[in-house]
Each structure stands twice: as structure tokens, then as C-alpha cells.
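Asks: Take a look at the following structure, please.
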Ligand SMILES: Cc1ncc(COP(=O)(O)O)c(C=O)c1O
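Residue numbers (our numbering): 125 to 483.
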């Protein structure tokens, strides 16, 4: 299968490691094993494959994040990246039509394209606070559409689709008999109201929720994600999954279970970092009028508009060379003229000070 280069990953692999201030990140400072309340029994666990589709303990912990799922509605994957890929491989065939709401993770359109699907990009707009317009979305989805892909909360914009809006999107999909894949890796990180938005899997029969330990739970090194959806679809996914996963590491499975069972302390820590980052960013924007952004409602990133006549790649390359600050060019997300900024990054304040002095 030939597939387009994954622009964000390519950029980050090339430039993020050398950054002095890495604002390309989407993670909230990863936790160490010592910060988790694990038991020493883990040292006696035999390092076999473990439970092939994820341990019951882990599936029960994942189930507790939803209102309407059972363990047979859940499968454990190699991160959300593995989860998204399995959904596409299981659901799509050459010639199917897919609508992907962008900006989003490139998997949501490049994998369907590589599978030979017709992919339509529906672009969110800054003037709508990066939220979908129902009429436009309704038009983009046709009677031929098989799958709608959304990312809620959204990377890169930091927008959260309010629950009543999500219900409207479900009505459109229901009317047109369309599956919805909702990439919910930032679910649990809403800055106002309930930290957890409704999950698409809980409110729509053809809703597929993808989750992960990487962002909300600050454990990207575990490489644990999951899919929650209709049992018949999960069976199909498990059929595909035999070919590329076997199981996730038994250690990852264990530590993910411990973290999810103790998620309140992770949330407390992460919301402190998020609120602090949002406030630093807000103050900085007030004094730096050549930049603007819709402040985040959730997630870990914003899409920053810069008022300089320079392509986003050049902007980021020059910035990093002169100041050591790394940002992600909008061009890698089909959003030329913008850059992605991780507002939960370590050293946000000194990094923004350097950004102020850049031009
Ligand atoms: C929207 C989105 N989906 C999926 C992923 C992949 O996450 P994971 O680390 O769980 O594979 C990312 C990572 O940045 C992401 O932002």
C-alpha cells in the first residue's frame, strides 16, 4: 500500500529533538513509573504475551470511562495510532467515500486515501471557533458517505465540540446512515464543565471511539490505546488485529490499568499544568498583537495565526534556528499561515518570550 508521508511525524522526528524549547508537543509532561501507585508484584509477572485482546482488568478500567460500553465492546491497541489504523482497515474498501473534518491527525485522511477511498476534507474555520457548521457538514456528507472522521477535543485547535452540537452531528450521520470515527485521545481534558465530553460510542450506534493513554493520562511511552464500538465491529477489528498486534506489552497493560484506576490524581496534576499554560498564553497574546488564536477549550494545543508574510515552514525553521523554539508549521496540517503551539509544554513562558523577540 503506497501512502503519503505523515507530515507532522516527519517534521517532529527531524526537528523536535534539537529544540531548546519544544512547543511542538501534544503531551502533558509524561509521568514516570515511580509516580504511579504500582505494586511490587509486577516484578514477578512472567513476560508472556498476556491477554491477547487486553486484560479484563484493563478493559474494565477503560469501560469505566464510558457510560454505555461493555468489555466486549472494547479492544486494546498499540496506541491510538494503531486504533485508528485498525478502524480504517476493518471498515473501508476501495471506492468508499469518507469525510474527514480537518485540521486533524493525518491518519484520518491519508489512510483512507491510500486504501483507494474517495476522501473529502471538511475544513473547520477560525471564525466559527473551529467548530463545525451543521449546514456545511450536512452538505459534505452524501448518501454515498460511509464514514465521518472527527477529532474531539481537537488537535491542533484546542476546540471541544459541545455535547448538544455533538448530538446534532449524530443526527446528520444517523439520517445518512454514516459511521462516525471520533478520535477521542484528548477526551477528559475539557477546561470547563465536565472534563469528559460525551463519547461518540455512548451516544450513537455507529459511533466508534478511539482513546489512548498518551495525552489525558500522560503516558505516551506505554503505547496503549483502545477502540470502543459496536460488538460486531469490534469482532471485525479483532480479526484484522491478529495480523498486526497479537497483544500490547503485558507491562503496558498493567501500568495502563493502574493509571486509569487512579486517574483522579493525574487529572489534578494535568489540569494545573493546562490552566497555567492557558493563562500564560492568554497574557502573552494580549501583548503580542501580531499573533492571535482561539484560546483552547480543551486538549493540549492551539493553532496560532501569525501576521507575517512568510510560509509556515520557513517561519518555524528560522524561529528554531534563531531562538531554539520549535513550533509545528501549519502546512503539515493543511493549515498554511498558522503554527501549532503546545500550551502545556514545559518552559512555555521563556519560550514565548523568545517568540516575542523573533521578528
Ligand atoms: C489526534 C491524535 N490521534 C492519535 C494520536 C496518536 O496517539 P498515540 O500516542 O496514542 O498513538 C495523536 C498523537 O499525537 C493525536 O494527536
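Note that beta-carbon positions come from the ideal geometry of N, C-alpha and C, so glycine has one too.
#1: Of all the beta strand (DSSP E) runs that stay within the bounds of the region 380-462, which reach a length of 3 or more residues?
#2: Quick check for students: name the residue ranges of the beta strand (DSSP E) that lie wholly in the region 173-227, counting only runs of 3 or more.
#3: Alpha carbon to alpha carbon, what distance is there between residue 469 and residue 477?
#4: Quick one: what's residue 245 bridged to in DSSP?
#5: Please list, in chain order, all residues of the same chain as residue 309 whose beta carbon is under 7 Å from its beta carbon, the five residues on each side excluded.
#6: Heavy atom of ligand 1 less than 7 Å from the Cβ of residue 319, yes or no?
#7: Cβ of residue 383 within 7 Å of any heavy atom in ligand 1?
#8: Does residue 288 pass the burial test, meaning 16 or more other C-beta atoms within 10 Å, or should it be called exposed?
#9: Going by CA-CA distance only, name the one from 398, 408, 295 and 196 that's closest to residue 357.
#10: Round the Cβ separation of residue 462 and residue 454 to the nearest angstrom and send it over; I've been treating them as touching at under 8 Å.
#11: For residue 464, count the other beta carbons within 10 Å of its own beta carbon; 16 or more makes it buried, fewer makes it exposed. Which is it?
#12: Counting along the chain, where does the alpha helix (DSSP H) carrying residue 135 start and finish?
#13: Taking the alpha carbon of residue 472 as the reference point, which residue from 157, 132, 145 and 134 has its own alpha carbon closest?
#14: Quick check: does the Cβ of residue 475 come within less than 7 Å of any heavy atom belonging to ligand 1?
#15: Would residue 323 and residue 394 be called neighbours here (beta carbons separated by less than 8 Å)?
Replies: With the structure as the only source:
#1: 425-430
#2: 198-201 and 221-226
#3: 14 Å
#4: 224
#5: 204, 334, 335, 336, 338 and 339
#6: no
#7: no
#8: exposed
#9: 196
#10: 4 Å
#11: buried
#12: 131-139
#13: 145
#14: no
#15: no
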